[in-house]
Amino acid sequence: MYYDSDTEKRMLTILKAREERSSFQKELINRYHQSLISYTLNIPGKIKRSTEIDMFFYVGWEKILSLLTTENILHLSVKDKPTGLEGFVVSSENAEQLKRRMIQLEESIPPFRLLDIDVFDKDFTQISRRECKLPPRRCLLCSQEAALCCKMQTHNSFELSAYCQKLIHEFLSERRAQS
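1259 is the number of the first residue of the sequence shown in my numbering; add one for each residue after it.
So this is what it looks like as C-alpha cells:
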C-alpha cells in the first residue's frame, strides 16, 4: 500500500502518541498500583481535533467522572495532544467493575460509542469486554463486529468520519437546545 508523505507523517504522529500514552499509563500504574482508566475518542479520518470534538471529549470525561467514587480517585489528568485529548484516572476501585461501568456508558447512547475507555488493573493488564463476558464492539455503520469491519475495510474512512462528525454535531446541538 502506498502512502503520501502527509499520511505517513500523520500515522507516525499517531503512533508516537500511542507510545507516549502507553508509557504514561505504565508510569501511573507503577506509581499508584491501582486501577487505571485511559480515555480517548475513536475518531476515524484525518481530523482528530476540532472545537466540537474537544467539547464532546469533555462531555464524555464528565460522564466518566460521574460514574466514579470521588474518594477512590488518586490521580486525574487530561493531556492535550495534536492527535486528540487523553484522559487518565487512577482509582482504587476494582478494575473489572470499572470496565463494566465504562462499557455501560459507551453503549448508553449512539454517540458514546465513540468513547474509547480502556481499563487496566494494578498489574497493567487491560480488562477486555471478553473478560467481562460481553460481546465485542459493533461497527458504527452496520452492526457487524467492529474489528471485522476494520480488518476487511468494509467502510471507507470518509463515510466513517462523516458519520462520526454527524453524531457529535447532532449530540452537541441537542445538548445546546436543551440548556
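Every residue, glycine too, gets a C-beta built ideally from N, C-alpha and C.
Residue i - DSSP class collapsed to helix/strand/coil
| i | result |
| --- | --- |
| Q1411 | coil |
| R1396 | strand |
| T1383 | coil |
| T1298 | strand |
| M1259 | Residue confidence is low: M1259 scores 49 on pLDDT, short of 50, so the model does not pin down where it sits. Its coordinate-derived value is still stated next. Correct three-state label for M1259: coil. |
| L1430 | helix |
| K1284 | helix |
| K1339 | strand |
| I1331 | strand |
| E1403 | strand |
| S1366 | coil |
| R1388 | coil |
| L1323 | helix |
| L1308 | Reading off the sequence shown, one finds Ser at residue 1308, where the question assumed Leu. S1308 falls in the coil class under three-state DSSP. |
| G1318 | helix |
| S1437 | coil |
Option nearest residue i by Cα separation, candidates the options
| i | options | result |
| --- | --- | --- |
| I1331 | T1341, E1364, S1350, R1395 | S1350 |
| F1429 | Q1362, I1311, E1403, F1416 | I1311 |
| K1304 | T1271, Q1384, L1326 | T1271 |
| E1432 | F1314, R1395, L1326 | F1314 |
| L1356 | E1266, S1324, E1285, C1407 | S1324 |
| T1328 | V1336, S1366, S1386, V1347 | V1347 |
| Q1384 | H1427, K1409, R1358 | R1358 |
| I1426 | K1267, E1285, A1275, T1309 | T1309 |
| L1372 | D1338, L1392, A1404 | A1404 |
| K1284 | Q1436, T1412, D1381, A1435 | D1381 |
| Y1421 | K1337, I1287, P1368, N1288 | P1368 |
| F1282 | K1267, M1269, V1336 | V1336 |
| K1267 | P1340, L1326, E1278 | P1340 |
| R1289 | A1435, H1333, E1389 | H1333 |
| K1306 | R1434, S1437, Q1423, Q1436 | Q1423 |
Buried/exposed call for residue i, threshold 16 Cβ in 10 Å
| i | result |
| --- | --- |
| M1259 | Only weak support exists for where M1259 lies, its pLDDT of 49 falling under 50; the value from the coordinates is given anyway. The residue in question, M1259, is exposed, as its Cβ has fewer than 16 Cβ neighbours within 10 Å. |
| E1364 | buried |
| M1360 | buried |
| E1344 | buried |
| A1353 | buried |
| P1394 | exposed |
| L1273 | exposed |
DSSP bridge partner residues for residue i (one or two, in chain order)
| i | result |
| --- | --- |
| V1348 | L1294, H1333 |
| I1375 | Y1297 |
| request: Please determine if the segment 1294–1303 and the segment 1318–1326 are in contact, where contact requires at least 3 C-beta pairs separated by less than 8 Å. | output: yes
| query | Do three or more CB pairs link the segment 1372–1390 to the segment 1281–1295 at distances below 8 Å? | reply | yes
| query | Is the number of C-beta pairs between the segment 1417–1434 and the segment 1394–1407 that are closer than 8 Å three or more? | reply | yes
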